[in-house]
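Report on one structure; see the data block that follows.
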Amino acid sequence: IALGYSATGIRLDPGFNKQIPVNHPFMKNFLHYSETFSGANNVLVSVRWKGEGDIYNAQFLEALRKVTDEVFFIPGVRRASVSSLFTPDVRYIEVTEQGYIGDVVVPPHFSGTDKDLQQVRRNTERSGQIGQLVANDLSAAMVRADLQEINPDTGEQVSYVEISHQLEKIRSTFENDDIAIDIVGFSKLTGDVVDGLIDVMWFFLIAFIITTILLWLYTRSVKLTIVSLIVAMLPVVWLIGLLRLMGMGIDPMSILVPFLIFSIGVSHAVQMTNAWKQDVMVGKTSMQASRSAFCKIFVPGALALLMNALGFGVIMLIDIPIVHELGVTACLGVLLMIITNKMMLPIILSHLELERSAGVVSQGNATQHHKIWWWVSAVTRPGVAFVVFTVSLVLLVGGAWKSRDLVVGDVGTGAPELRAESRYNLDNTNIVNRYSVGLDLLTVYVETAAPDGDACLDPDVMRAVEKLDFHSRSILGVQSVASVAGMGKVTIAGNNEGNPRWAAIPGSGRGLRAGSQAFSSEHGLVVEGCKTMQVVLYLANHQGELVSRVVDRVEDIIADIDEPKVEFKLAGGNVGVQSASNEAVKKAEVQMHGALLASVALFCWLTFRSFRAVLCIIMPLAVVATFCNALMASLGIGLKVSTLPVLALGVGVGVDYGIYIYERLQHELAEGRDLREAFYQAMVQRGTASLFTAITMSIGVGTWAFAPLKFQADMGILLAFMFLVNVFGAIIILPALASWFNRSKRLVQVKKAASTDAPSSETIV
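Heads up, the final residue of the sequence shown is numbered 1461 in the working numbering, and it's a clean run with no missing numbers.
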């Protein structure tokens, strides 16, 4: 009750900095320069004209001015970063017979007259903002702003959900028949994901109802159904309550963890209640059956839960704060189940009386179940086992071959967390198609060491920057590049009657002075004195393949620039963040799988003291994990922060099935039964419950495939696949391997010797 009350105060806790691998070299540079230059946490609001003509009309420009003001006053916006045609940092400069002439693009006296509109048109053309803040086809204009993690007005962390709602309010206020508003940015994406969580809750409720119905059909006992559901919900309530007491919240991307904890809780509750029910049906009292079920289930069940916790724990090898939070949350929830499912549940069962209808129905179906499992037990025959082994090997090789197509990072354009037809992704498409810039940018920071003052007047420095600018433009997928060297060349050419022959970096500081207007810090590309600069590459999208190719090519270009006065540092922008995250995921994937399988192997060996047991349990997991990678490649799901935990979870759940079945198999072998009879008995006692929980969980999470959030739909498909295929691996591949390991006479003798030392059928593990 206390933790339940605490759980009512839990909050969603999204954050941009939680998404980045803070210890990656790219992110150290990004965080270091984030206060100096624009970061990756920005918002773009594009005001689009749908009427006749272009944007140079009084109605559109008045709407753009008001949208600029609304964005400027959103709490958490870094106000100095707000840019649009109406902000004072957007200026035009031209060279005339009288010298330089420059001013803001929209004059202070602008009143919307035809003369004013023509002046704005001319000023915009001379400002170089077409393709930047103005669409290439003159159909839209943009308001751009950077966000801060801490609101300087209050000193508190900004609420991305509240920012998203304010942006949506701007959309609803200014959209009409002639004007449309397109909005993208991390805050807007977070808000859309949180809004989609309302529908997610409905899918959770549907999955809960499906689980309840199937659980009752399996047990035919209202008491066992209610008890199983309550015990499965307890660790979820405790977990949420403890998180609040620990001062933690739940990130929207981790919202699925509580339901996964519930699913695992149902799985273990079914194993315990099934063992209790079998003993009650043969005449034992509730107390005796509870004691027997505890002795049979506690050790393999606790071991399986430790493996689940380990599966979540190893994902913390990914050096990203949100993954650490997910690992801590899931580990804590699974460990709480040892108390609720393995200790509290048998105590509750000791006070229950099984309904007569539940016993009669189960006895009536016993013959059918026996026939099914006896037919399945044929897999322990050497010939059938060899066929299973061969087919598994072929499928493993095929899955490994297909897994080579698995992409690290995002697949497709837009936000992969949302469906392609979502408003956010449609807005992103509109912006990408109309501008030469977008939300996907890669920043290269430049530190200079010019000995004589202003580095922008040093030809060696500027030529090094210009070389990076020039070669980056030829990279496939780069839409445009912004650098002080590129702007300087345009200004120098403008000083020479616009002759393109002068659009070059001269060989003297005196010649560079002609481009000094471009070296101002107001453009956001340099600081005063040009000691620090940035080169910005605007990409067509943020797909993992494109990000990797661009970053590799930029690193090659930098390596070819031999200039001691200049130091290039990667990388900022959202593409820099994604590149660092992808590298962290790629590096952690091998480490995670290696650490997980090694830890599972160690725990299984300590429990069963048999390397054959380790192989029997590990091999099906390896096959299913390979299949999962192949499925992700086939469905176009990238390997990233949100999908990598699914693999760890799948291995953890697969261990449950393997440990429960192998523990019973070993026990039956120790009593002198042959392998087929031992496996048959194991399936009668453990297989039905395992198959039921796998089907139940697969159906429950399978409904997520219809969820509005794509990342939830992807996880639902992957989890349903992992839950279902893992149980078939445990009941087909495991006994086939055991058949080959038990062929030698020496192993038979060992089993017989073990049976003479077995103290009882309830305590041996």
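Note that CB positions come from ideal geometry on N, CA and C, so glycine has one too. Predicted model only: the values in this text are computed from it and were never measured.
In the DSSP output, which residue or residues are listed as bridge partners for Leu708? Leu708 is bridged to Ile946.
Using a 10 Å radius around the Cβ and a threshold of 16 neighbouring Cβ atoms, would you call His1363 buried or exposed? Buried, by the Cβ-count rule.
What's the C-alpha gap between Trp1400 and Tyr701? Going from the Cα of Trp1400 to the Cα of Tyr701 covers about 29 Å.
Determine, using beta carbons only, whether Thr1037 and Val927 come nearer to each other than 7 Å. Checking the sequence shown, residue 1037 turns out to be Asn, not Thr. Cβ atoms of Asn1037 and Val927: closer than 7 Å.
Using 7 Å as the threshold, is the C-beta distance between Glu777 and Asp849 below it? Before going further, note that residue 777 is Ser rather than Glu in the sequence given. Going by beta carbons, Ser777 and Asp849 fall outside the 7 Å limit.
Is Gly1060 buried or exposed, if buried means 16 or more other CB atoms sit within 10 Å of its CB? Low local confidence applies: a pLDDT of 38 at Gly1060 is under 50, so the model's placement there is unreliable, and no value is given.
Cutting at 8 Å between CB atoms, please list the residues of its own chain near Thr825, excluding the five before and the five after it. Checking the displayed sequence, the identity of residue 825 turns out to be Gln instead of Thr. Shown here for Gln825: same chain residues with a beta carbon closer than 8 Å to its own, the five before and five after excluded, namely Leu781, Val786, Val801 in chain order.
Inspect the CB distances between the segment 1193-1206 and the segment 1114-1131 and report whether three or more fall short of 8 Å. No, they do not touch.
Using only the alpha-carbon positions, how far apart do Thr1139 and Glu1224 sit? The straight-line gap from Cα to Cα measures roughly 19 Å.
Val1057 - DSSP class collapsed to helix/strand/coil: Low confidence applies here, because Val1057 scores a pLDDT of 42, under 50, leaving its location unreliable; read the following figure in that light. Residue state, collapsed to three classes: helix.
Please report how far the alpha carbon of Ile1044 lies from the alpha carbon of Val953, in whole angstroms. Roughly 26 Å separates the two Cα atoms.
Selected residue, minimal CA-CA separation from Asp1370, among Glu871, Val933, Ile936, Ser1435: Among Glu871, Val933, Ile936, Ser1435, the Cα nearest to that of Asp1370 belongs to Ser1435.
Given this structure, state the Cα-to-Cα distance separating Arg1130 from Val1161, to the nearest angstrom. If you take the alpha carbons of Arg1130 and Val1161, they lie about 28 Å apart.
Residues in its own chain within less than 6 Å of Phe756 by CB, not counting five upstream and five downstream? Once the five neighbours on either side are set aside, the close Cβ partners of Phe756 are Trp745.
Anyone know if the C-beta pair for Leu893 and Ile951 falls short of 7 Å? Yes, Cβ-Cβ distance for Leu893 and Ile951 is below 7 Å.
Can you list, in chain order, the residues of its chain with a C-beta nearer than 6 Å to that of Val854? Leave out the 5 residues immediately preceding and following it. Setting aside the 5 residues that flank it on each side, Val854 is surrounded in the same chain by Gly772, Asn847, each with a C-beta closer than 6 Å to its C-beta; the list follows chain order.
Exposure of Thr869, with buried meaning 16 or more beta-carbon neighbours within 10 Å: It counts as exposed.
Tyr788 and Arg822 closer than 7 Å at C-beta: A distance below 7 Å separates the beta carbons of Tyr788 and Arg822.
Which residues DSSP lists as bridging Lys1265, in chain order: Here Lys1265 is bridged, per DSSP, to Tyr1141.
Taking the straight line between their C-alpha atoms, what separation do you get for Lys919 and Leu1050? In this structure, the CA atom of Lys919 is about 8 Å from the CA atom of Leu1050.
Assumed close pair Asp947, Ile859 - CB separation to whole angstroms, cut-off 8 Å: Wrong, their Cβ atoms sit about 16 Å apart, outside the cutoff.
Give every residue of the same chain whose Cβ lies closer than 6 Å to the Cβ of Phe1375, excluding the five residues on either side of it in the sequence, and list them in chain order. Cβ neighbours of Phe1375 beyond the five flanking positions: Ser1073, Thr1076, Leu1361, Pro1431.
Mark Asn1237 as exposed unless 16 or more other C-beta atoms lie within 10 angstroms of its C-beta, in which case mark it buried. Buried, because 16 or more other Cβ atoms sit within 10 Å of the Cβ of Asn1237.
Quick one: is Glu844 buried, meaning 16 or more other Cβ sit within 10 Å of its Cβ, or exposed? The question names Glu, yet the displayed sequence has Gln at residue 844. Buried, since its Cβ has 16 or more Cβ neighbours within 10 Å.
One question on the structure: do Leu1420 and Ala1390 come within less than 7 Å of each other, judged by their Cβ atoms? Their beta carbons are under 7 Å apart, which means Leu1420 touches Ala1390 by this criterion.
Take every Cβ of the segment 1350-1361, pair it with every Cβ of the segment 935-946, and state whether three or more of those distances are shorter than 8 Å. Judged by Cβ distances under 8 Å, the segment 1350-1361 makes no contact with the segment 935-946, as fewer than three pairs qualify.
First and last residue of the beta strand (DSSP E) that includes Tyr1234? Taken as a continuous stretch (DSSP letters only), the beta strand (DSSP E) holding Tyr1234 covers 1228-1235.
Rounded to the nearest angstrom, how far is the Cβ of Ala1276 from that of Phe882, given a contact under 8 Å? Not quite, the Cβ-Cβ distance comes to about 15 Å (not below 8 Å), so this is no contact.
Please tell me whether Ser1386 and Val1351 are closer than 7 Å, where the distance is taken between their beta carbons. No. Outside cutoff.
Is the beta carbon of Val1232 less than 7 Å from the beta carbon of Leu1164? No, Cβ-Cβ distance for Val1232 and Leu1164 is not below 7 Å.
With 16 other CB atoms within 10 Å as the buried threshold, where does Ala1081 fall? It counts as buried.
For the alpha helix (DSSP H) containing Ala1462, name the first residue and the last one. Summary: the structure shown does not reach residue 1462, with the chain confined to residues 697 through 1461, and so no result is reported for it.
Buried or exposed by the 16-neighbour rule on C-beta atoms within 10 Å, applied to Asp1453: Unreliable placement is indicated for Asp1453, whose pLDDT of 45 sits below 50; the coordinate value is still reported in the next sentence. Asp1453 counts as exposed, since fewer than 16 other C-beta atoms from the protein chains shown sit within 10 angstroms of its C-beta.
Please name the residue, chosen from Ile1428, Leu1331, Met1393, that lies closest to Arg1372 on a Cα-to-Cα basis. Nearest C-alpha to Arg1372: Ile1428.
Taking just the CA atoms, how far does Val976 sit from Met1039? Straight-line Cα distance between these residues: approximately 19 Å.
Is DSSP giving Ile1357 helix, strand or coil here? Of the three classes helix, strand and coil, the one that applies to Ile1357 here is helix, per DSSP.
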